[in-house]
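For reference, the structure discussed in these notes is given below.
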Amino acid sequence: MGMGGRGMGIGGFLVLLVLSLVFHRNLFTLISGDVASDGVAASAPPSDSAQDPQVQFVSFVLDDVQATWQNLLPAESGTQYRHAKLVLFRDWIDSACGQAESATGPFYCPDDEKVYLDLGFFNELKSRFGAPGEFAQAYVIAHEIGHHVQKMLGIEGKVQRMRASNPSQANPLSVRLELQADCFAGVWAKSTEQRKIIDQSDVEAGMRAAAAVGDDRLQKMATGRVSPESFTHGSSRERTQWFQSGLNSGRMSACDTFAAAR
Ligand SMILES: [Zn+2]
Numbered sequence: 114m115g116m117g118g119r120g121m122g123i124g125g126f127l128v129l130l131v132l133s134l135v136f137h138r139n140l141f142t143l144i145s146g147d148v149a150s151d152g153v154a155a156s157a158p159p160s161d162s163a164q165d166p167q168v169q170f171v172s173f174v175l176d177d178v179q180a181t182w183q184n185l186l187p188a189e190s191g192t193q194y195r196h197a198k199l200v201l202f203r204d205w206i207d208s209a210c211g212q213a214e215s216a217t218g219p220f221y222c223p224d225d226e227k228v229y230l231d232l233g234f235f236n237e238l239k240s241r242f243g244a245p246g247e248f249a250q251a252y253v254i255a256h257e258i259g260h261h262v263q264k265m266l267g268i269e270g271k272v273q274r275m276r277a278s279n280p281s282q283a284n285p286l287s288v289r290l291e292l293q294a295d296c297f298a299g300v301w302a303k304s305t306e307q308r309k310i311i312d313q314s315d316v317e318a319g320m321r322a323a324a325a326v327g328d329d330r331l332q333k334m335a336t337g338r339v340s341p342e343s344f345t346h347g348s349s350r351e352r353t354q355w356f357q358s359g360l361n362s363g364r365m366s367a368c369d370t371f372a373a374a375r
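Using the numbering used here, read the sequence shown as starting at 114 and increasing by one per residue.
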């Protein structure tokens, strides 16, 4: 299960997460029931979803990303972190941001503070990109939680108001918001690197896959339905650069995409 046979790979990632988390909570209760204590809600899941390795993987990553922000956000910004919830779905789902379908791709809805993930999207990531897709999945989750962090910080609301009052800047503003979420994902990745869970080659492979799939998904998005991610995310190069910026420093201060010249 290694990532090209180098580093610990995502298999080791999982094992470590299990070892590090299992003493704090019962992982297998996370995803049972409609809304589990740790915020994973499964919408019309297959009956055995709790045993689905993919659902387990998503839950582990979500926990790890949120635990990282729970420490980092108060320390670096004086803001308390509030846990986002995760909604797994297939085909379509109603969110506070409107109806989403699988073609929408993963998204974060600031109105209900939930991350919506279509498991079919992850299947596609995996089948098209093989092992690196597993880091790509982790990256997608970290990126969406990055949007949640932006909401906690008031950045998301501010950008929405700026977009409304200055429509000609709407797209560039959205790009900066997206790139910052990539950078926040990098900040999380730094913590996994420090814990020797992943190495640089994992990150690079995963980032390439995520960027490629992201662009591809954008073109497939349906119009007229909720698609908060339908604006431009920036080029793959920009996305990688900002992810790297968060990864190199491990600090939120490296993620001021709004101040940076592009
Ligand atoms: Zn995004």
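We put the beta carbon where it would ideally sit given N, CA and C, even for glycine. Fair warning: this is a prediction, and the values are worked out from it, not measured in the lab.
* **Beta-carbon gap between ALA298 and ALA367 smaller than 9 Å** => As a working note, residue 298 is residue 185 in the sequence shown. As a working note, residue 367 is residue 254 in the sequence shown. Between ALA298 and ALA367, the gap from beta carbon to beta carbon reaches 9 Å or more.
* Asked: From the DSSP output, which residues share a beta bridge with PHE202?
  -> Translated into positions along the sequence shown, residue 202 becomes position 89. When beta bridges are read from the DSSP output, PHE202 appears opposite ASP231.
* Asked: So does the segment 219-229 actually touch the segment 191-207, counting three or more Cβ pairs closer than 8 Å?
  -> With the cut-off at 8 Å, the segment 219-229 and the segment 191-207 touch.
* Please report how far the alpha carbon of SER343 lies from the alpha carbon of ALA188, in whole angstroms. => Position 230 of the sequence shown, counting from 1, holds the residue named residue 343. Position 75 of the sequence shown, counting from 1, holds the residue named residue 188. Since pLDDT at SER343 reaches only 46, below the 50 mark, its modelled position is unreliable, and the value read off the structure follows with that caveat. Taking C-alpha positions only, SER343 is separated from ALA188 by approximately 32 Å.
* If you count every other CB in all the chains shown that lies within 10 Å of the CB of ALA302, and 16 or more means buried, which is it? -> What you label residue 302 is simply residue 189 of the sequence shown in a count that begins at 1. Burial call: buried.
* From the DSSP output, in three-state form, read off ASP165 for me. => Residue 165 sits at position 52 when you count from the first residue of the sequence shown. Look at ASP165 here: in three-state DSSP terms it is coil, with no helix or strand label.
* **Among ARG274, ILE310 and CYS296, nearest to GLU257 - alpha-carbon criterion** => Mapped onto the sequence shown, residue 257 falls at position 144. For the residues ARG274, ILE310 and CYS296, the minimum Cα distance to GLU257 belongs to CYS296.
* With respect to the beta strand (DSSP E) encompassing CYS222, which residues constitute its N-terminal and C-terminal limits? -> Taking the first residue of the sequence shown as 1, we reach residue 222 at position 109. 220-222 is the span of the beta strand (DSSP E), which, as asked, contains CYS222.
* **N- and C-terminal bounds of the alpha helix (DSSP H) containing GLU291** => Translated into positions along the sequence shown, residue 291 becomes position 178. Taken as a continuous stretch (DSSP letters only), the alpha helix (DSSP H) holding GLU291 covers 283-307.
* To do: Would you identify the three-state DSSP class for ASP207, choosing helix, strand or coil?
  => Sequence index remark: in the sequence shown, residue 207 carries index 94 (1-based). ASP207 carries a strand assignment under DSSP once its states are collapsed to helix, strand and coil.
* Asked: Do you know how far the Cα of ASP165 is from the Cα of ILE268?
  -> Position 155 of the sequence shown, counting from 1, holds the residue named residue 268. Position 52 of the sequence shown, counting from 1, holds the residue named residue 165. Computed Cα separation, rounded: 35 Å.
* Under 9 Å between C-beta atoms of LEU290 and THR370 -> The residue you call residue 290 lines up with position 177 of the sequence shown. The residue you call residue 370 lines up with position 257 of the sequence shown. Going by beta carbons, LEU290 and THR370 fall inside the 9 Å limit.
* Report whether the distance from the Cβ of TYR194 to the nearest heavy atom of ligand 1 is below 8 Å. => Here residue 194 refers to the residue found at position 81 when the sequence shown is read from its first residue. Of the heavy atoms belonging to ligand 1, none sits nearer than 8 Å to the Cβ of TYR194.
* **Separation of VAL253 from ASN279, as counted between CA atoms** => For the purposes of this step, residue 279 is taken as residue 166 along the sequence shown, with counting starting at 1. For the purposes of this step, residue 253 is taken as residue 140 along the sequence shown, with counting starting at 1. Pairing ASN279 with VAL253, the inter-Cα distance amounts to about 29 Å.
* **Span of the alpha helix (DSSP H) around LEU360** => For the purposes of this step, residue 360 is taken as the residue at position 247 of the sequence shown. First-last of the alpha helix (DSSP H) with LEU360: 349-362.
* Cα-Cα separation between THR353 and ALA372, rounded to whole angstroms -> The count along the sequence shown starts at 1 and reaches residue 353 at position 240. The count along the sequence shown starts at 1 and reaches residue 372 at position 259. Taking the straight line from one Cα to the other gives about 18 Å.
* Inter-residue spacing [alpha-carbon to alpha-carbon] between ALA209 and HIS260 -> For this step, residue 209 is matched to residue 96 along the sequence shown. For this step, residue 260 is matched to residue 147 along the sequence shown. A straight line joining the alpha-carbon of ALA209 with that of HIS260 spans about 16 Å.
* When the distance is taken between beta carbons, is ALA251 closer than 9 Å to VAL168? -> Within the sequence shown, the letter at position 55 stands for residue 168. Within the sequence shown, the letter at position 138 stands for residue 251. No, Cβ-Cβ distance for VAL168 and ALA251 is not below 9 Å.
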